[in-house]
Every structure is written in structure tokens, then in C-alpha cells.
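J.: For the sequence shown, the residue numbers in numbering that gives the first Met the number 0 are 0 to 503. Here you go, one structure.
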Amino acid sequence: MTLKLIAEHEIGYNVSELAQVRDRFLEWNDESSFTLAEDLIRKGTGGELTLAFCGHFSAGKSSMINALCGKKVLPSGPVPTSANVVTIRSGEPRALIHRSAADSGEPLTVTIDELAEYCKEGREYSAIEVWDNVPLLGEAGVLMDTPGVDSTDDGHRLATHSALHMADIVFYVMDYNHVQSESNLMFAKSLSDWGKPLYLIVNQIDKHRDDELTLASYLNDVKKAFAQWKITYKGLLCTSLKVQDHPYNQWETLKSLIGELISHREPLLQYSVSCSIRHAADQHVEAYTRSHQEEKERLLEEMGGEKAAAALKARLQELEDQKLAEELLPEVVRSELRKEADTLLANANLTPADVRDLSLSFLESRKSGFKVGFLFSGGKTEEERRRRLEAFHHRLKEQTTAQIDWHLRTLFRKSVEQHTEWSANWESLMDAELPTVQEDMITRTVNPEATVSGEYVLNYNRELAEEIKGSYRRAVLALADRLMAVLTDASAVRLLELERQGAE
Ligand SMILES: Nc1nc2c(ncn2[C@@H]2O[C@H](COP(=O)(O)OP(=O)(O)OP(=O)(O)O)[C@@H](O)[C@H]2O)c(=O)[nH]1
Ligand SMILES: [Mg+2]
Numbered sequence: 000m001t002l003k004l005i006a007e008h009e010i011g012y013n014v015s016e017l018a019q020v021r022d023r024f025l026e027w028n029d030e031s032s033f034t035l036a037e038d039l040i041r042k043g044t045g046g047e048l049t050l051a052f053c054g055h056f057s058a059g060k061s062s063m064i065n066a067l068c069g070k071k072v073l074p075s076g077p078v079p080t081s082a083n084v085v086t087i088r089s090g091e092p093r094a095l096i097h098r099s100a101a102d103s104g105e106p107l108t109v110t111i112d113e114l115a116e117y118c119k120e121g122r123e124y125s126a127i128e129v130w131d132n133v134p135l136l137g138e139a140g141v142l143m144d145t146p147g148v149d150s151t152d153d154g155h156r157l158a159t160h161s162a163l164h165m166a167d168i169v170f171y172v173m174d175y176n177h178v179q180s181e182s183n184l185m186f187a188k189s190l191s192d193w194g195k196p197l198y199l200i201v202n203q204i205d206k207h208r209d210d211e212l213t214l215a216s217y218l219n220d221v222k223k224a225f226a227q228w229k230i231t232y233k234g235l236l237c238t239s240l241k242v243q244d245h246p247y248n249q250w251e252t253l254k255s256l257i258g259e260l261i262s263h264r265e266p267l268l269q270y271s272v273s274c275s276i277r278h279a280a281d282q283h284v285e286a287y288t289r290s291h292q293e294e295k296e297r298l299l300e301e302m303g304g305e306k307a308a309a310a311l312k313a314r315l316q317e318l319e320d321q322k323l324a325e326e327l328l329p330e331v332v333r334s335e336l337r338k339e340a341d342t343l344l345a346n347a348n349l350t351p352a353d354v355r356d357l358s359l360s361f362l363e364s365r366k367s368g369f370k371v372g373f374l375f376s377g378g379k380t381e382e383e384r385r386r387r388l389e390a391f392h393h394r395l396k397e398q399t400t401a402q403i404d405w406h407l408r409t410l411f412r413k414s415v416e417q418h419t420e421w422s423a424n425w426e427s428l429m430d431a432e433l434p435t436v437q438e439d440m441i442t443r444t445v446n447p448e449a450t451v452s453g454e455y456v457l458n459y460n461r462e463l464a465e466e467i468k469g470s471y472r473r474a475v476l477a478l479a480d481r482l483m484a485v486l487t488d489a490s491a492v493r494l495l496e497l498e499r500q501g502a503e
């Protein structure tokens with residue numbers, strides 16, 4: 000098995016770049032990322048290579064670390080045991096217990112045995128540092144035990160993830176029987192996404208039964224599953240801690256790999272720090288985008304508020320306009336009615352040729368000295384004058400009704416119906432207001448001394464028509480005023496309604 004430690008494209012960080020990113024975090028008020036960047040800079044110059052063991056609980060991580068140390072440094076067992084991150088370095092045997100925030104105080108320095116007691120008691124701690132005589136690690140190697148992860152425990156997953164910032168190499172330890180499980184693949188995928196060198200370890204290979212399945216086809220299935228999940232890894236190893244001399248146990252390969260990695264730590268360390276800083280930057284951007292999304296949503300909501308305000312303003316304006324329209328309506332209706340009546344009256348032809356003829360006959364009968372027949376009495380003449388007047392009057396009335404009265408009644412009714420309800424009252428009102436052509440109108444302007452010329456007849460007819468139209472005009476004004484009064488009363492109620500709406 001060739002173990003390529005680091006690919007050419009995996010270029011490490013440059014300290015000044017890292018410092019720039021750190022300063023950016025400060026500028027962006029991202030305190031935790033700033034602290035992390037500081038830790039990473041320190042780590043980058045510290046020269047230690049941290050090898051993390053991650054995986055599902057009871058996969059055998061702690062047992063593996065103990066085996067690598069050649070002694071039981073960590074508690075292990077069939078029930079989930081590792082509750083937090085433990086780092087192991089080679090050195091004078093001792094342990095440093097970093098207690099949880101609630102248990103505030105200085106880190107507790109204890110012996111390895113005391114540590115075992117402390118852990119057995121189930122005492123709380125946030126992290127543990129252990130030193131023991133571990134030749135494999137030399138001066139620069141650090142082993143990191145992480146809590147077992149299962150799909151239901153986000154806390155452990157997060158603890159593992161935050162510990163991963165400090166990890167340079169990740170060993171993903173799996174129980175032989177759980178390799179293909181969804182949660183296992185999912186977690187492996189999240190680790191591979193960091194970009195840190197990832198080694199897959201199928202532990203408990205002693206559980207493999209050759210008579211059921213060849214190791215080759217088992218590993219083939221495993222590799223396929225990892226490929227499907229697009230999990231990139233540097234190597235795949237099978238181990239057994241229970242059966243040291245198991246034919247498939249690659250324990251010695253693992254040990255030599257660790258040794259090799261530690262000896263090539265410098266580029267690996269730089270690359271790992273780059274991965275972590277990139278990861279931190281990605282997470283910052285993600286959080287920033289999320290907060291921007293919230294900001295955007297808030298703004299959109301506010302914009303929604305602005306829209307609502309604009310809509311309200313528009314509605315108020317609308318109400319104001321309605322009020323104005325309501326106030327103006329009666330006047331508008333009146334003036335429109337007047338205008339239409341004026342047009343109608345101007346176009347009405349009250350004195351067509353036959354009416355003019357009758358007017359001529361009538362006018363001639365009104366001349367002084369008019370006499371009917373030679374020997375007849377004044378009674379006959381008076382009778383003839385009456386007949387001519389009536390003929391003219393009747394025809395003029397007929398013409399006026401056809402030309403003005405009927406049209407004006409239609410016009411007024413239409414106007415009333417447009418703005419309010421039509422009723423018999425309006426009919427009576429029209430009857431009362433609209434004039435009728437009175438005999439008096441016909442006779443009043445007659446000049447008995449005038450010569451009944453064509454011009455005289457035309458002038459007479461024009462004046463008569465103007466008088467009739469004038470009387471209708473006055474009637475229309477009266478009707479329009481009545482309509483306006485009614486509409487004003489109705490609009491007063493609507494105006495009140497509009498005022499209330501506006502106040503609301
Ligand atoms: N058959 C077999 N059992 C193993 C092997 N390695 C570990 N075990 C057993 O698996 C159980 C869990 O081992 P641990 O080392 O505590 O596992 P862990 O991954 O540290 O577990 P957590 O810390 O709880 O996440 C123990 O009972 C071990 O004895 C192995 O290679 N083969
Ligand atoms: Mg453990």
C-alpha cells in the first residue's frame with residue numbers, strides 16, 4: 000500500500016496570509032473565528048502534528064489509541080465512554096483536566112490513575128490532556144481521541160468538529176459491521192469535506208467471516224459506498240485490536256503510517272492549518288450570508304411595511320379624493336345637467352317652416368285693421384284671430400314638446416338615475432317646474448302696428464323661441480338645483496363614512 004502523504008496541490012498556508020485573515024475576522028467582529036485563527040497561527044508554528052481518531056461510538060477509537068500508546072491511557076469499554084476530546088502526547092506521565100465552565104477553576108493536574116477514577120465517576124470536563132511515555136509519538140506527535148458520534152447526538156458531532164480544527168490528520172475509525180450505515184457515511188463525508196488528510200480504518204476486522212464474503216469483495220463494496228458519497232480519503236486500513244495476529248490486521252501498517260506522517264509533519268501541518276482557516280472563513284461567510292438573509296428578510300418585511308405605508312397613504316389620498324369628489328359631485332351634476340340642457344335647447348328647432356307659416360297667419364290676424372270678410376261683424380274677425388292663435392299655439396306646443404320637453408325630461412331622469420333613485424316625486428317635480436308654451440308668450444311680443452314682413456316674422460319667431468327656451472332653461476336650473484340638494488344630503492352621509500375610514 001502506497002501512502003501518499005500529501006498531494007502537490009495541497010499547498011500550505013503562509014503566516015502573513017493567515018494573520019491577514021485573522022485581522023479580517025476581527026474587522027468583521029467574528030470573535031470566535033479570530034480566536035480560532037490565533038490558535039491556528041500558534042499551532043502552525045508549534046510544530047506538532049495532531050492525529051485525530053473519529054468515528055461512531057464503540058468503533059474502537061479509545062482502544063486503538065491505547066494500543067498505539069502501548070498501555071491503557073484512555074478508558075474504553077462496550078458502553079459509550081469518551082465524552083470529550085482527549086489529547087495524548089509523549090512526556091512525563093500526567094493528565095490535565097480542563098473542567099467545564101460550570102466547574103470553573105484552574106485545570107486539574109492528576110496522575111493517569113487518578114484520571115481513570117475521575118472519568119469512571121462520570122465527572123464533567125471539557126477536555127483532557129494526557130502525557131505518557133509513547134515512543135511512537137516522539138516529540139511532535141499528538142493523538143486525539145474524540146467522542147463517538149451517532150446520528151442523534153449533535154453535541155458530540157459539534158465537539159468533534161471543533162476539535163477537528165486542531166487535527167492535522169483524521170483517522171476515521173469504523174466498526175466492521177457499521178461501515179455501510181448511513182450515519183457512518185454521512186459523518187465520514189462531513190470529515191472529508193474539511194479537506195484534511197483522511198484515512199479510513201475498518202476496525203474489528205476480526206468480525207469478518209471469509210466463508211460469507213471474501214475480504215476483497217467486502218472492501219470493494221466499502222469503496223463503492225464511499226465513492227457514491229464522494230468521500231475522498233488518502234487510505235483505507237483494516238485493523239483488529241482484539242485479534243492482534245489476525246491475517247487482515249494492518250496494525251503495523253497503521254503504526255508505520257503514523258510514524259511517517261509525524262516525520263513529514265511540516266507540510267501536513269501547514270496544509271491542515273490552511274484547511275482550518277479556509278473552513279473557518281467558509282463558515283464565517285455562511286453565517287454572514289445567513290445573517291444577511293435574515294437582514295434581507297427583515298428589510299423585505301420592512302419594505303413590506305413601506306409598501307403597506309404607501310398603500311395606506313394611497314388609500315388616504317384615495318379617500319381624500321373621494322371626499323373631494325363627493326363634495327364636488329352635486330355641483331358637478333348640476334353644471335353638467337345645465338350644459339347638456341343648454342346644448343339641447345340650442346339645437347332645438349321650435350319654429351320650422353310650418354310653424355313660421357302659422358305664426359305669419361297669426362301675426363297677420365293681430366294687425367290693427369285686420370278684418371275677416373267685407374260685411375261681417377267684429378265677432379267673426381275675433382273668432383278668426385282666436386282660431387289662428389290656437390292653430391299656431393297648438394303647433395308650437397307640439398313642436399316644443401317634441402324638440403325640448405321630451406328631451407329635457409329624458410335628460411333629467413337620466414341624470415337623477417345616475418346619482419340617486421328615480422321616484423314619482425321627481426316626475427311631479429318636473430311637471431311642476433317645466434314650462435308650457437303659454438298663449439301669453441305668443442301674444443305678448445306682438446306689435447299690432449308693425450308691418451308683417453318676412454324679416455318681422457323671422458325676428459318674432461326667434462324672440463318667441465328664445466323666450467320658450469329661456470323658460471325651459473330656468474326650469475332646468477331649478478331641477479338641477481333640486482337634484483344637487485338631494486345629492487348633497489346623500490354625499491354628506493358618504494363623506495362622514497369616508498372621514499371615519501380615513502381616521503382608521
Ligand atoms: N471484536 C472487537 N472488538 C473491539 C475491537 N476494538 C474495540 N473493540 C471493543 O469495542 C468496544 C468499544 O471500544 P472503545 O475503544 O471504547 O470504542 P470507542 O470508539 O472509543 O467508543 P466511544 O468512546 O464510546 O465512542 C469495547 O468493548 C472494545 O473492547 C476490535 O478490533 N474487535
Ligand atoms: Mg472512546
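Note that beta-carbon positions come from the ideal geometry of N, C-alpha and C, so glycine has one too. From a predicted model like this one, the values you see are computed outputs, not experimental measurements.
Between alanine 474 and glutamate 416, how many whole angstroms is the CB-CB distance? I'm expecting something under 8 Å.
T.: For the purposes of this step, residue 474 is taken as residue 475 along the sequence shown, with counting starting at 1. For the purposes of this step, residue 416 is taken as residue 417 along the sequence shown, with counting starting at 1. Rounded, the Cβ-Cβ distance is 19 Å, inconsistent with contact.
J.: Write down every uninterrupted run of the beta strand (DSSP E) in the segment 221-294 whose length is 3 residues or greater and which is fully enclosed by it, in chain order.
T.: Within the segment 221-294, the complete beta strand (DSSP E) runs of at least 3 residues are 234-237.
J.: Would you call the CB atoms of valine 72 and isoleucine 87 closer than 8 Å?
T.: To locate residue 72, count along the sequence shown from 1; it is residue 73. To locate residue 87, count along the sequence shown from 1; it is residue 88. Yes.
J.: Do you know how far the Cα of arginine 384 is from the Cα of serine 422?
T.: The residue you call residue 422 lines up with position 423 of the sequence shown. The residue you call residue 384 lines up with position 385 of the sequence shown. Rounded to the nearest angstrom, the two C-alpha atoms are 43 Å apart.
J.: Does the segment 226-237 come within contact of the segment 270-277, defined as at least 3 CB pairs closer than 8 Å?
T.: Cβ pair count under 8 Å is below three, so no.
J.: Under 7 Å: does the beta carbon of alanine 58 sit that close to some heavy atom of ligand 1?
T.: The count along the sequence shown starts at 1 and reaches residue 58 at position 59. Alanine 58: yes, Cβ under 7 Å from ligand 1.
J.: Return helix, strand or coil for glutamate 383, following the three-state DSSP convention.
T.: Start at 1 with the first residue of the sequence shown, and residue 383 comes out as number 384. Three-state result, glutamate 383: helix.
J.: Look at the Cβ atom of methionine 440, then the Cβ atom of glutamate 420, and state whether they are nearer than 8 Å.
T.: As a working mapping, residue 440 is identified with position 441 in the sequence shown. As a working mapping, residue 420 is identified with position 421 in the sequence shown. Cβ atoms of methionine 440 and glutamate 420: not closer than 8 Å.
J.: Take every Cβ of the segment 199-211, pair it with every Cβ of the segment 163-178, and state whether three or more of those distances are shorter than 8 Å.
T.: Cβ pair count under 8 Å is three or more, so yes.
J.: Which word fits tyrosine 287, buried or exposed, when buried means at least 16 other C-beta atoms lie within 10 angstroms of its C-beta?
T.: Taking the sequence shown and counting its residues from 1, one reaches residue 287 at position 288. Burial call: exposed.
J.: Using the C-alpha atoms, what's the distance from valine 331 back to leucine 318?
T.: For the purposes of this step, residue 318 is taken as residue 319 along the sequence shown, with counting starting at 1. For the purposes of this step, residue 331 is taken as residue 332 along the sequence shown, with counting starting at 1. Whole-angstrom Cα-Cα distance: 18 Å.
J.: Taking the beta strand (DSSP E) that tyrosine 171 falls in, what are its first and last residues?
T.: Residue mapping note: residue 171 aligns to position 172 of the sequence shown, counting from 1. Its beta strand (DSSP E) spans residues 168-174.
J.: Rounded to whole angstroms, what's the CA-CA distance from isoleucine 261 to lysine 119? Just pull it up for me.
T.: Along the sequence shown, one-based indexing puts residue 261 at 262. Along the sequence shown, one-based indexing puts residue 119 at 120. Cα-Cα distance, rounded: 32 Å.
J.: Find out if the Cβ-Cβ distance for the pair lysine 468, alanine 347 is shorter than 8 Å.
T.: Numbered from its first residue, the sequence shown carries residue 468 at position 469. Numbered from its first residue, the sequence shown carries residue 347 at position 348. Contact flag set, yes.
J.: Mapping DSSP to helix, strand and coil, what is serine 89?
T.: On the sequence shown, residue 89 is found 90 positions in, with the first residue counted as 1. Residue state, collapsed to three classes: strand.
J.: Using a 10 Å radius around the Cβ and a threshold of 16 neighbouring Cβ atoms, would you call arginine 387 buried or exposed?
T.: To locate residue 387, count along the sequence shown from 1; it is residue 388. With 16 or more Cβ atoms within 10 Å of its Cβ, arginine 387 is classed as buried.
J.: Take the Cβ of asparagine 132 as the centre, count every other Cβ of all protein chains shown within 10 Å, and call the residue buried at 16 or more, exposed below.
T.: Your numbering for residue 132 matches position 133 in the sequence shown. Burial call: exposed.
J.: Of the choices Thr108, Gly140, Gly59, Gln437, whose alpha-carbon is the least far from that of glycine 511?
T.: For the chain, the structure presents residues 0 to 503; residue 511 sits outside this window and is missing.
J.: Does the beta-carbon of aspartate 112 have 16 or more other beta-carbons within 10 angstroms, so that it is buried, or is it exposed?
T.: Working through the sequence shown from its first residue, we reach residue 112 at position 113. Classification of aspartate 112: exposed, given that the 10 Å Cβ count is below 16.
J.: With DSSP as the reference, identify every bridge partner of cysteine 53, one or two as the case may be.
T.: Position 54 of the sequence shown holds residue 53. Partner(s): Tyr171.
J.: Starting from the C-beta of threonine 380, find all residues in its chain whose C-beta is less than 7 Å away, skip the five residues before and the five after it, and write them out in chain order.
T.: Along the sequence shown, one-based indexing puts residue 380 at 381. Around threonine 380: Phe369, Lys370, Val371.
J.: Would glutamate 325 be called buried (16 or more neighbouring beta carbons within 10 Å of its own) or exposed?
T.: The residue given as residue 325 occupies position 326 in the sequence shown. Per the 10 Å Cβ criterion, buried.
J.: Is there at least one non-hydrogen atom of ligand 2 closer than 7 Å to the beta-carbon of glycine 147?
T.: Here residue 147 corresponds to residue number 148 of the sequence shown, with the count starting at 1. Yes, since a heavy atom of ligand 2 falls inside the 7 Å radius drawn around the Cβ of glycine 147.
J.: Using the DSSP secondary-structure output, state which residues sit across from histidine 97 in a beta bridge.
T.: Translated into the one-based positions of the sequence shown, residue 97 becomes position 98. DSSP output for histidine 97 lists Ala126 as bridge partner(s).
J.: Are aspartate 38 and valine 85 closer than 8 Å when you measure CB to CB?
T.: The sequence position of residue 38 within the sequence shown is 39, counting from 1. The sequence position of residue 85 within the sequence shown is 86, counting from 1. No, they are not a contact pair.
J.: Assuming leucine 67 is part of the alpha helix (DSSP H), what are its boundary residues?
T.: Within the sequence shown, numbered from 1, the residue matching residue 67 stands at position 68. Unbroken alpha helix (DSSP H) run through leucine 67: 60-68.
J.: Determine which residues share a DSSP beta bridge with tyrosine 198 and list them.
T.: Looking up residue 198 in the sequence shown gives position 199. Answer by DSSP bridge pairing, in chain order: Phe170, Gly234.
J.: Cα separation between arginine 443 and glutamine 321?
T.: Position 444 of the sequence shown holds residue 443. Position 322 of the sequence shown holds residue 321. Distance between the alpha carbons of arginine 443 and glutamine 321: 50 Å.
J.: Can tyrosine 459 and leucine 357 be called in contact, C-beta distance under 8 Å?
T.: Position 460 of the sequence shown holds residue 459. Position 358 of the sequence shown holds residue 357. It is not a contact, given that the beta carbons lie outside the stated cut-off.
J.: For the beta strand (DSSP E) containing methionine 143, list its first residue and its last residue.
T.: Walking along the sequence shown from the start, residue 143 turns up at place 144. 140-144 is the span of the beta strand (DSSP E), which, as asked, contains methionine 143.
J.: Cβ of valine 221 within 8 Å of Cβ of leucine 197?
T.: Numbered from its first residue, the sequence shown carries residue 221 at position 222. Numbered from its first residue, the sequence shown carries residue 197 at position 198. Cβ distance not < 8 Å, so valine 221 and leucine 197 don't count as in contact.
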